[in-house]
Each structure stands twice: as structure tokens, then as C-alpha cells.
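Under our numbering, the residues of the sequence shown are numbered 431 to 755, in order. All C-beta atoms in this analysis are idealised placements derived from N, C-alpha and C, irrespective of residue type, glycine included. The model shown is predicted, which means the values in this text are computed figures rather than measured ones. One structure below.
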Amino acid sequence: MKAVRIHEFGEADVLQYEDVADPVAGPGEVVIKVEAIGVNPVETYIRSGIHMIKPALPFILGSDAAGTVLSVGNGVTTHKPGDRVYAAGSVGEGAWGGCYAEQMLRGADAFLPLPDNISFAQGAAIGIPYGTAHWALIKRGRAVKGETVLIHGASGAVGTAALQIAAAAGITSIGTAGSQRGLDLVSEQGASHVLDHTQDGYLDAVADLTDGKGPDVILEMLANVNLARDMDIAAKFGRIVIIGNRGPIEINPREAMMKELDIIGIALPNTSAEDIAVIHSALYKGLADGSLNPVIGKELPLAEVIEAHHAVLRPGAYGKIVLIP
Ligand code: NAP
């Protein structure tokens, strides 16, 4: 089969589209025919060798995919050939690779049924983005019905997922984006207010939009740029959940003290198998009833993986970038 492997860590040109042996399902394992692969920023960090997950090489990248079951190993009773599934993430290093390929293998527990109304491309957008958004907003951010969340970076894959999860839970959202297309998307996806994070002073409006109180929860996709301002505008007893960060920032901890803010870092690899099960059971309901509906911004052939790795780090995010084998 064709797959994309790295033989060394480095820039995007280390991504090699090449022939590798087809995977074979051992006991408890499942092989799927991959129909779509989700491209996440984390794969660019793993490829560069700067991430906490540093796999043995050569390595097939990719955490998120959807497709059809090809074969199952001994003892697997939960799946059969032909089933439509998505890779829901699992615990350990195995969850962070294997998807950039025509076929992929994981333990049976890592594949969950894909609702009929969800396309394969959308299935490839669930694992990391929706898993992260749910973990950040509902579990770690403790957002509840009637509260307000500021989603700082709402036009991308995690942000659009968070907008939909918030809307389904009765949480009001304010979302930011940096392009007109992204701002329109954030509005369409249920934000009650939309702000352009490329404009000076754009956060000044947040106080008025929240009747002077500030957001109860802030989901932050670029903490090294925004964390100090997030602390200024958050509500008393607010929760700021750091999802994305690309460098250091100076903050005044006094602000956290006076407002009793919780500043919470999250990393999806820290979730347990039980956490993953709880998250995906909630996601399945929302996907099946249509309240969660992943947005696919761009589809590229798997052979164009290098362009996909550049695109996922470029400004102007619009939902999810997906590779098609
Ligand atoms: P993505 O689809 O590329 O989206 C990136 C988002 O960041 C876009 O909405 C983008 O907006 C926005 N952004 C750009 N400049 C910003 C600014 N100054 N202030 C606020 N937002 C800004 O990426 P993603 O998959 O949603 O992931 C988002 C971040 O979370 C990435 O850094 C990723 O590595 C991280 N992440 C972390 C975890 C974890 O476990 N902690 C899990 C998943 C993702 P425009 O393009 O419209 O400007």
C-alpha cells in the first residue's frame, strides 16, 4: 500500500509518500481501508521532532482517519468487514500514528462506529478536534448551560467543534477568526458574536457582549499571544483553558489571584481510556442527531501531504483539512 512515512525529523520535506507492506490484524486488532485522514497541527510538531511524542523511525504519521473495516484479528467481536468506522483515538503512542496510509491498523477499541449521516471526510475530523473541544469545554473548563465561552481561534478544526458542542449544550459562544471567510464560518456555526483577532483592540467589545461580566470560560488556541488579555477580560471565577500555545508570554499572576481564575492547560495524550470513552459516547449522540456536523475546509490527495502540512499552519483556517488516499 501507499503511505506517508518519516525516516528523520525535520521540515515538511521529510514526509515520504512511498510503498510499505500492508498491515495484518493480530489478535484483538482491526485493519481498515482508509477513506479520509484528518491533518492536525500536532502532526507537524511530531514530524519536526519537537513534540512530547517522539516515535521510533520510520513512522507513519496521523492520529485521525475514517474508513471501512477490511479485516479483524482473533477475538474481535465488535467489528466486522464492511463496517464504517472512525479512529477515535486511544491511549499510548499507537494513537498518534498509522493514519497517513491506504490502510491502517489499531486495537479494536480505537475504532468507533461512524453514524450513517457523517461522511468519511467528516469522520476524519472527529478524533483530535472534537475530542479536544469536548475535553476542554465540558470536562476541564466545566462550562454549563447558560454560561458564556470565548473561543479564541474559532475558525479552525478545534474551534468549530467547540462552537457546535457549546451550542448543543446551551452555552453561549463568542468566537474569533482572522479572515472574512473564517468570521462568516464562526457566525454560521452558532457564535452569538464574532470578533476579528487581527484588529487592534478587538477584545474591548467582550465586556459589553457579556454585560460587563466577562466570559465564564475561554478556550485559547494561541496562549502565547492572548493569555495576558484573556486574564483581563475573563469573568470572576473564570476558567481559561489553554489548548494551543507556540511560545512564552509574560502575565501578571495577581490578576488570577484577584479574580480567582483557573488557568488550565490541557493535552489530549493525558486522557485515559475511560475519558476517551465518555467523550466519544457524548460525541456519537451529537453526530447522530446532527447537532455536531464537522466542517471540511479542504481536501487534498494523500500524495500532497507536504502542502497539507504547510496549509494547516497558515492563517485563514476554515474547519478541517483532510487527505484522501
Ligand atoms: P487550526 O484548524 O489550524 O486552527 C487554528 C486556529 O487558531 C484558527 O482558528 C486561527 O484563526 C486561530 N488563530 C490564529 N491566530 C490567532 C490569534 N492571534 N488568536 C487566536 N486565535 C488565532 O488548528 P486546530 O486543529 O483547531 O488546533 C488549534 C490549536 O490547538 C493548535 O495550536 C493545535 O496544536 C492545538 N491543539 C492542542 C491540543 C491539546 O491537546 N492541547 C489538541 C488539539 C489541538 P485564523 O486562521 O482564522 O486566523
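- Contact between residue 701 and residue 526 fails: their C-beta atoms lie close to 13 Å from each other, not under 8 Å.
- In this structure, residue 530 and residue 491 form a Cβ contact; the two beta carbons are roughly 5 Å apart against a cut-off of 8 Å.
- Residue 738: member of the alpha helix (DSSP H) spanning 735-741, first to last residue.
- Residue 650 sits close to residue 671, with the two beta carbons spaced by under 8 Å.
- Residue nearest to residue 505 within the set 538, 578, 518, 512 is 538 (criterion: CA-CA distance).
- Uninterrupted alpha helix (DSSP H) stretches at least 4 residues long and entirely within the stretch 621-684 occur at 635-639, 653-663, given in chain order.
- Taking C-alpha positions only, residue 741 is separated from residue 674 by approximately 17 Å.
- The stretch 728-745 and the stretch 507-515 do not touch, with fewer than three beta-carbon pairs separated by less than 8 Å.
- The way I'd put it, the stretch 587-607 does touch the stretch 553-563; three or more beta-carbon pairs between them come closer than 8 Å.
- A Cβ-Cβ distance of about 17 Å is found for the pair residue 446 and residue 464, leaving them out of contact under the 8 Å criterion.
- Per the DSSP secondary-structure output, residue 508 pairs with nothing in a beta bridge.
- Residue pairing by DSSP places residue 610 in no beta bridge whatsoever.
- Residue 665 is a Cβ neighbour of residue 643, given a cutoff of 8 Å.
- As summarised for the stretch 539-623, the continuous alpha helix (DSSP H) elements at least 4 residues long and confined to that stretch are 550-553, 557-564, 587-598, 610-618, given in chain order.
- In this structure, residue 602 has its beta carbon at no less than 7 Å from each heavy atom of ligand 1.
- Taken in chain order, the whole alpha helix (DSSP H) runs of length 4 or more contained in the stretch 447-534 are 471-478.
- Taking each of 710, 633, 574 in turn and checking the Cα distance to residue 601, the smallest one comes out for 574.
- When secondary structure is reduced to three states using DSSP, residue 722 falls in the coil class, being assigned neither helix nor strand.
- The DSSP-derived three-state label of residue 753 is strand.
- Secondary structure of residue 445 (DSSP, three-state): strand.
- Minimum Cα-Cα distance from residue 448 among the listed residues 439, 488, 456, 479 corresponds to 488.
- Minimum Cα-Cα distance from residue 498 among the listed residues 545, 476, 486 corresponds to 545.
- Distances between the C-beta of residue 661 and the heavy atoms of ligand 1 are all 7 Å or more.
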